[in-house]
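Single-structure report; data block below.
Residue numbers (the working numbering), protein chains in the order written: chain A, -6 to 334; chain B, 24 to 368.
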């Protein structure tokens, strides 16, 4: 199991101590660092800013939102950062949800799988740089049909450092996971649990079996954020993570269109999720948090005394995961590196 | 009375790969007292990641895009990058935006090009609202609507999770035509001219004055920034110096933009070189690049660039100081940046 440092997206401002954490992670043998975006900080500028202070770790987005930028803008940033970092970029992409895509980016959300497939296709064509890029998709057309009619098929002025920059997809539903296995080089799960390993293995296998799939399970990366909370008091440790689960199951995404709800329910918590969402959406945030059972935290995170975490890790090492993403201060990273690596 | 010009170091966009020596030049620029550092984008390297990568190694110099293309990213994505980079750089970010042209916008980004001024105005307004973070953002423009009308109908007006370091991040506009220049004066905090010439100073002054006079204008000429990218070639042989700049002018006049919609062409025509422009474009579009380059007269280079021996450049600079520009943006190795600093200051 490899380790990645998750720098995530910011809450109200830039997190403190990122540079020290980065240095520690690199020294400890972490394989990668990752930034994200929601509707505050962007994923690319911190990845470049912090990434310029690293020399070895891979630099990934986990994730960048498809609807934020045109495929060409994403391809340009990927190629540019790949050059700057000496070939260390991993482009992690995700569809996000309708609230953000339509509310914040002002773009239509429907048919996210089809949109993802087309977007990835265009990014790959631009990066491969074999010819001026044209594209006739259902969501994306190059050149734009209509407009002034002056659009010109173009080929990137810069040559890529690597003609095939790795692209990972964030996915929660089985169809989207299968799509990642088919068209991407890695999958970025959310709320992965050893309990859902079999479910996702099947979804991945379906994607690997499709014609033109790029990978098999053996050379496919699965990179998941796994919260690690070291505390001799298991309940106290669980309390740290309950609010996050409550927020994602209850408040991230609309009722009936919350993919996190589905991913968590799939672990065996349909009833809990229904209750948490009900509470959360009716403004009873504290009750929603209290409704998260400790077992649910243990199914999606590593919590408790370090010895327990070491034991629990065995379950995670047997899954499809290839990299665990963790965040925290240097001492925590060191403790995690000791038990994982 | 001649004013003190600020200096900026411009790394621009890349040709086929990353330029060598930017880090060293940037260090030199910062040490020499250069005030700003600029990246750009066309359809190769992007403007933001190099600005962040290199900017992370600076401590004082302002970090700007000159320009980031409006159609590349949604207004929210642009605002997020601006807020983020402004935090990372401790309030040193300048967001330079430009509409680019229809070939790139429709061909590369797959977006419609029509009504670029209206689009720019709406884009800037959305960014300012997001950055100010006074309330969840909604917008009902002709080109942008938040939330998206239609779709799944689940769009939610949102407010940035991150609080801005500065509620007003400076926005400059790349502009060439008079209407666009007037709009920069009206809605932006600075103007990024392309192929500025002292010959056109009066023309631009009028356009700017029109913008400053509009209701709601944010600035007057006194607190408005105009950093101009100006080629500087120091060489005792003026013709040889002009030869360095000629290919760029030929490319922009002849090949950057469609035949009937090339804003660079219009700038030079406005300077009095309509005939030259026609000839250059005809040669360029017919594939006769060498002829297009040869057709650029030395006087035309001298109108938009500082070329020749040291003493001549110093003298020519006097004309530039009397114009509306507030700074010069130049690119080159450390020794060159030092030479320019010695000439300008």
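Just so you know, even glycine gets a beta-carbon here, dropped at the ideal spot from N, CA and C.
Remember, predicted model here, so these are calculated numbers, not experimental data.
Original post:
Can you tell me where the alpha helix (DSSP H) with residue 325 (chain A) in it begins and where it stops?
Top reply: The sequence position of residue 325 (chain A) within the first chain is 332, counting from 1. Counting along the chain, the alpha helix (DSSP H) containing residue 325 (chain A) begins and ends at 323 to 333.
Original post:
Considering only residues of the region 94 to 161 of chain B, which uninterrupted beta strand (DSSP E) runs meet the minimum length of 3 residues and lie entirely inside it, listed in chain order?
Top reply: 116 to 121
Subject >> Spatial neighbours of residue 37 (chain A) in its chain, beta-carbon cut-off 6 Å, leaving aside the 5 residues before and after >> reply: Position 44 of the first chain, counting from 1, holds the residue named residue 37 (chain A). Around residue 37 (chain A): 70.
Original post:
Should the region 32 to 43 of chain B be regarded as contacting the region 218 to 229 of chain A, the criterion being three or more beta carbon pairs within less than 8 Å?
Top reply: no
Original post:
Does the separation of the CB atoms of residue 282 (chain A) and residue 235 (chain A) fall below 7 Å?
Top reply: Position 289 of the first chain, counting from 1, holds the residue named residue 282 (chain A). Position 242 of the first chain, counting from 1, holds the residue named residue 235 (chain A). Yes, the pair counts as a contact, with Cβ atoms nearer than the cut-off.
Original post:
Just to confirm, are residue 154 (chain B) and residue 192 (chain B) a CB contact at a threshold of 7 Å?
Top reply: As a first step, residue 154 (chain B) must be located in the second chain, where it is residue number 131. As a first step, residue 192 (chain B) must be located in the second chain, where it is residue number 169. Yes, the pair counts as a contact, with Cβ atoms nearer than the cut-off.
**OP:** Would you verify that the beta carbon of residue 132 (chain A) is, or is not, closer than 7 Å to some beta carbon of chain B?
**Re:** Your numbering for residue 132 (chain A) matches position 139 in the first chain. By this cut-off, residue 132 (chain A) is not an interface position.
**OP:** Kindly confirm or deny that the region 206 to 213 of chain B and the region 226 to 241 of chain B touch, where touching means at least three C-beta pairs closer than 8 Å.
**Re:** yes
**OP:** List the whole-angstrom C-beta distance separating residue 0 (chain A) from residue 320 (chain A), where the pair is believed to meet the contact cut-off of C-beta under 8 Å.
**Re:** Start at 1 with the first residue of the first chain, and residue 0 (chain A) comes out as number 7. Start at 1 with the first residue of the first chain, and residue 320 (chain A) comes out as number 327. Sure, about 7 Å apart at Cβ, within 8 Å.
Original post:
Near residue 187 (chain A), which residues of its chain fall below 8 Å by C-beta distance, leaving aside the five closest residues on each side in sequence?
Top reply: Residue numbering aside, residue 187 (chain A) sits at position 194 when the first chain is read from its first letter. Counting only Cβ-Cβ distances below 8 Å, and skipping sequence neighbours, we find 292, 308, 309, 311 and 312.
Subject >> Distance, residue 230 (chain B) Cα to residue 196 (chain B) Cα >> reply: Walking along the second chain from the start, residue 196 (chain B) turns up at place 173. Walking along the second chain from the start, residue 230 (chain B) turns up at place 207. Rounded to whole angstroms, residue 196 (chain B) to residue 230 (chain B) spans 14 Å at the Cα level.
Original post:
Between B:349, B:137, B:347 and B:333, which lies nearest to residue 363 (chain B) when the distance is taken from Cα to Cα?
Top reply: The sequence position of residue 363 (chain B) within the second chain is 340, counting from 1. Nearest C-alpha to residue 363 (chain B): B:333.
**OP:** Give a yes or no on whether 7 Å exceeds the smallest Cβ distance from residue 8 (chain A) to chain B.
**Re:** As a first step, residue 8 (chain A) must be located in the first chain, where it is residue number 15. No, because no Cβ of chain B sits closer than 7 Å to the Cβ of residue 8 (chain A).
**OP:** Taking residue 180 (chain B) as the reference, give the member of B:188, B:189 and B:168 with the closest Cα.
**Re:** Reading the second chain from its first residue, position 157 is the one you call residue 180 (chain B). That would be B:168, whose Cα lies nearest to the Cα of residue 180 (chain B).
Original post:
Closest Cβ-Cβ distance between residue 185 (chain B) and chain A: below 7 Å?
Top reply: In the second chain, the residue the question calls residue 185 (chain B) occupies position 162. Yes, because at least one Cβ of chain A sits closer than 7 Å to the Cβ of residue 185 (chain B).
Subject >> Three-state secondary structure (DSSP) of residue 58 (chain A) >> reply: In the first chain, the residue the question calls residue 58 (chain A) occupies position 65. The answer is strand: DSSP assigns residue 58 (chain A) an E or B state.
Subject >> Validate contact between the region 45 to 52 of chain A and the region 93 to 108 of chain A using beta carbons, cut 8 Å, 3 pairs >> reply: no
**OP:** Any chance you could list the beta strand (DSSP E) runs of at least 3 consecutive residues sitting entirely within the region 243 to 323 of chain B, in chain order?
**Re:** 250 to 252 and 255 to 257
Original post:
How long is the line joining the alpha carbons of residue 78 (chain A) and residue 2 (chain A), rounded to whole angstroms?
Top reply: Against the first chain, residue 78 (chain A) aligns to sequence position 85. Against the first chain, residue 2 (chain A) aligns to sequence position 9. Between residue 78 (chain A) and residue 2 (chain A), the C-alpha separation is close to 21 Å.
Original post:
Can you find a C-beta in chain B that's less than 7 Å from the C-beta of residue 151 (chain A)?
Top reply: Counting from 1 along the first chain, the entry for residue 151 (chain A) is found at position 158. Closer than 7 Å to some Cβ of chain B, the Cβ of residue 151 (chain A) qualifies, so yes.
Subject >> residue 67 (chain B) burial status per 10 Å Cβ neighbour count (16 or more: buried) >> reply: In the second chain, the residue the question calls residue 67 (chain B) occupies position 44. With 16 or more other Cβ atoms within 10 Å, it is buried.
Original post:
residue 198 (chain A): which of A:220, A:26, A:174 and A:181 sits nearest, CA to CA?
Top reply: Locating residue 198 (chain A) in the first chain gives position 205, where the first residue counts as 1. Measuring from the Cα of residue 198 (chain A), the nearest candidate turns out to be A:174.
Subject >> residue 298 (chain B) versus residue 117 (chain A): straight-line alpha-carbon distance, rounded >> reply: What you label residue 298 (chain B) is simply residue 275 of the second chain in a count that begins at 1. What you label residue 117 (chain A) is simply residue 124 of the first chain in a count that begins at 1. Going from the Cα of residue 298 (chain B) to the Cα of residue 117 (chain A) covers about 43 Å.
Original post:
From the beta carbon of residue 131 (chain B), is the nearest beta carbon of chain A less than 7 Å away?
Top reply: As a position in the second chain, residue 131 (chain B) is number 108, starting the count at 1. Interface residue, yes.
Original post:
Does the beta-carbon distance from residue 291 (chain B) to residue 199 (chain B) come in below 7 Å?
Top reply: By one-based count along the second chain, residue 291 (chain B) stands at place 268. By one-based count along the second chain, residue 199 (chain B) stands at place 176. Cβ atoms of residue 291 (chain B) and residue 199 (chain B): not closer than 7 Å.
Original post:
Mind pulling the beta strand (DSSP E) runs of 3 or more residues that sit fully within the region 134 to 208 of chain A?
Top reply: 160 to 163 and 179 to 181
Subject >> Nearest-angstrom Cα separation, counted from residue 138 (chain B) out to residue 140 (chain A) >> reply: Working through the first chain from its first residue, we reach residue 140 (chain A) at position 147. Working through the second chain from its first residue, we reach residue 138 (chain B) at position 115. Cα to Cα, residue 140 (chain A) sits roughly 10 Å from residue 138 (chain B).
Subject >> As assigned by DSSP and simplified to three states, the class of residue 163 (chain B) >> reply: For the purposes of this step, residue 163 (chain B) is taken as the residue at position 140 of the second chain. Residue 163 (chain B) falls in the strand class under three-state DSSP.
**OP:** Could you tell me whether any Cβ in chain A is nearer than 7 Å to the Cβ of residue 62 (chain B)?
**Re:** Walking along the second chain from the start, residue 62 (chain B) turns up at place 39. Chain A, which has no Cβ nearer than 7 Å to the Cβ of residue 62 (chain B), makes this no.
Original post:
With distances taken from CA atoms, which of A:66, A:301, A:284 and A:145 is nearest residue 129 (chain B)?
Top reply: On the second chain, position 106 is the one that residue 129 (chain B) refers to. Looking at the Cα atoms, A:145 is the closest of the given residues.
Original post:
What in chain B is Cβ-close to residue 89 (chain A), meaning under 9 Å?
Top reply: Locating residue 89 (chain A) in the first chain gives position 96, where the first residue counts as 1. By Cβ distance, chain B contributes nothing, its closest Cβ being about 11 Å from residue 89 (chain A), past 9 Å.
Original post:
Between the C-alpha atoms of residue 24 (chain B) and residue 338 (chain B), what's the straight-line distance to the nearest angstrom?
Top reply: Residue mapping note: residue 24 (chain B) aligns to position 1 of the second chain, counting from 1. Residue mapping note: residue 338 (chain B) aligns to position 315 of the second chain, counting from 1. Unreliable positioning characterises residue 24 (chain B) in this predicted model, as indicated by a pLDDT of 46, which lies under 50. The coordinate reading is nonetheless provided below. Taking the straight line from one Cα to the other gives about 15 Å.
Original post:
Which residues, taken in chain order from the region 148 to 182 of chain B, show a beta carbon closer than 7 Å to some beta carbon of chain A?
Top reply: 167, 168, 169, 170, 171, 173, 174, 175, 177, 178, 179, 180 and 181
Original post:
What whole-angstrom Cβ distance do residue 98 (chain B) and residue 150 (chain B) have, given they're in contact under 8 Å?
Top reply: Within the second chain, the letter at position 75 stands for residue 98 (chain B). Within the second chain, the letter at position 127 stands for residue 150 (chain B). Yes, they are in contact, since the Cβ atoms of residue 98 (chain B) and residue 150 (chain B) sit about 5 Å apart, within 8 Å.
**OP:** Using a threshold of 7 Å, state whether the C-beta atoms of residue 66 (chain A) and residue 184 (chain A) are closer than that.
**Re:** Taking the first chain and counting its residues from 1, the one referred to as residue 66 (chain A) is at position 73. Taking the first chain and counting its residues from 1, the one referred to as residue 184 (chain A) is at position 191. In this structure, residue 184 (chain A) does not lie closer than 7 Å to residue 66 (chain A) by Cβ.
Subject >> Three-way DSSP call (helix, strand, coil) for residue 88 (chain B) in this model >> reply: Counted from its first residue, the second chain places residue 88 (chain B) at position 65. Correct three-state label for residue 88 (chain B): strand.
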